[in-house]
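Down below is the structure, laid out as structure tokens.
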Amino acid sequence: MIQTFKNTTEIAEAIAKMLFILMNRPGVAPIHIALSGGNTPKEIFRYLNKTYGKRLAAKRFHFWWGDDRCVAPDNDDSNFKWANELWLGPIGISKENIHRVWGENIPEDEAIRYAKELKKFTEIDNGLPVIHLNLLGLGDDGHTASIFPNSMELLESDQWCAVATHPTSGQKRITLTGKVLNNSEQVVFIATGAGKAQMVKQVAVEQQPEFPASHIKPPSGEVLWLLDEAAASLL
Ligand code: 6PG
């Protein structure tokens with residue numbers, strides 16, 4: 025399903041509504057939320073902190089990353105750094121509920137460690153960890169998380185987490201693999217700006233197979249696209 029909004033603020037408001045619904049889900053079982061990286065979510069994190077503050081700091085929320093760069097946690101390239109600085113830290117999410125990728129670790133070791141952390145904390149279904157709300161971005165080249173067009177094999181890998189390499193910068197990253205992403209209860213792609221319009225059309229509508237993001241379709245979950253008008257301008 026595709027929903028179009030005027031701007032990123034309205035997208036952030038839609039995400040807040042999803043978080044409140046998850047927070048109030050009957051029972052007390054942990055809710056696992058995977059955050060995306062890159063620039064798009066930064067404005068969303070700022071909005072959630074400013075508008076809702078600690079009201080979204082549910083003790084049952086556990087935060088993960090769909091991918092992160094193999095850099096120190098205080099590095100400007102770290103997806104954890106921005107989410108923590110702009111949202112999770114200010115609202116007081118406890119450290120035990122923040123499952124960051126240890127970007128400072130040896131990448132191969134970290135892919136194994138992160139998978140073990142998922143196994144320890146999440147419910148396992150279909151032999152895979154269950155992420156309840158998986159926020160994903162869309163790269164200009166059709167990648168998502170850190171599954172790039174030149175590493176399509178990560179869509180079918182039996183590893184839950186893998187070492188990925190950015191095709192142009194060569195930067196090492198840790199990414200959840202396709203089977204884990206497709207075991208999510210709800211995947212929400214967020215794309216904004218005119219620069220994403222063509223790729224949104226090719227992935228969200230045409231599902232062109234050469235792009236990794238086209239293969240993120242949880243068989244028993246849902247895929248929702250939250251777009252601003254610019255990113256939706258070719259639909
Ligand atoms: C990352 C991301 C990546 C990102 C897209 C969109 O670590 O870079 O997880 O998948 O979501 O590249 O990035 P922008 O929001 O910066 O366009």
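Count along the sequence shown from 1, add 24, and you get the number used in my numbering. Ideal Cβ positions, reconstructed from N, Cα and C, are used throughout, including at glycine. Just so you know, these numbers come straight off a predicted model, no measurement behind them.
Residue i: CB within 8 Å of a non-hydrogen atom of ligand 1
i           : result
residue 239 : no
residue 243 : no
residue 33  : no
residue 164 : yes
residue 103 : yes
residue 114 : no
residue 63  : yes
residue 192 : no
residue 124 : no
residue 60  : yes
residue 197 : yes
residue 91  : yes
residue 175 : no
residue 205 : no
residue 202 : no
residue 161 : yes
Residue i in three-state terms, based on DSSP
i           : result
residue 114 : coil
residue 251 : strand
residue 89  : strand
residue 197 : strand
residue 183 : coil
residue 158 : strand
residue 149 : strand
residue 28  : strand
residue 234 : coil
residue 135 : helix
residue 38  : helix
residue 213 : strand
residue 167 : coil
residue 192 : coil
residue 123 : coil
Rounded Cβ spacing between residue i and residue j (contact assumed at less than 8 Å)
i           : j           : result
residue 198 : residue 135 : 6 Å
residue 166 : residue 104 : No, residue 166 and residue 104 are not in contact; Cβ-Cβ is about 24 Å, not under 8 Å.
residue 249 : residue 228 : 5 Å
residue 83  : residue 152 : About 25 Å separates the two Cβ atoms, so there is no contact after all.
residue 183 : residue 139 : 7 Å
residue 266 : residue 59  : The requested residue 266 is not part of the displayed model; the chain covers only 25 to 259.
Any non-hydrogen atom of ligand 2 within 8 Å of residue i CB
i           : result
residue 179 : With respect to small molecules bound, the structure shown includes ligand 1 and not ligand 2.
Determine, using beta-carbon pairs with one atom in the segment 168-182 and one in the segment 117-136, whether at least three such pairs fall under 8 Å.
no
Counting Cβ pairs, one atom from each stretch, are 3 or more of them under 8 Å apart for the segment 156-167 and the segment 207-219?
yes
Report yes or no: do the segment 189-203 and the segment 214-226 share at least 3 C-beta pairs separated by less than 8 Å?
no
So, do the segment 139-149 and the segment 97-107 have three or more beta carbon pairs nearer to each other than 8 Å?
no
Mind the definition here: the segment 70-85 touches the segment 35-52 only if three or more C-beta pairs lie below 8 Å; say whether that holds.
For the pair of segments examined, the segment 70-85 was found to touch the segment 35-52: the number of CB pairs separated by less than 8 Å reaches three.
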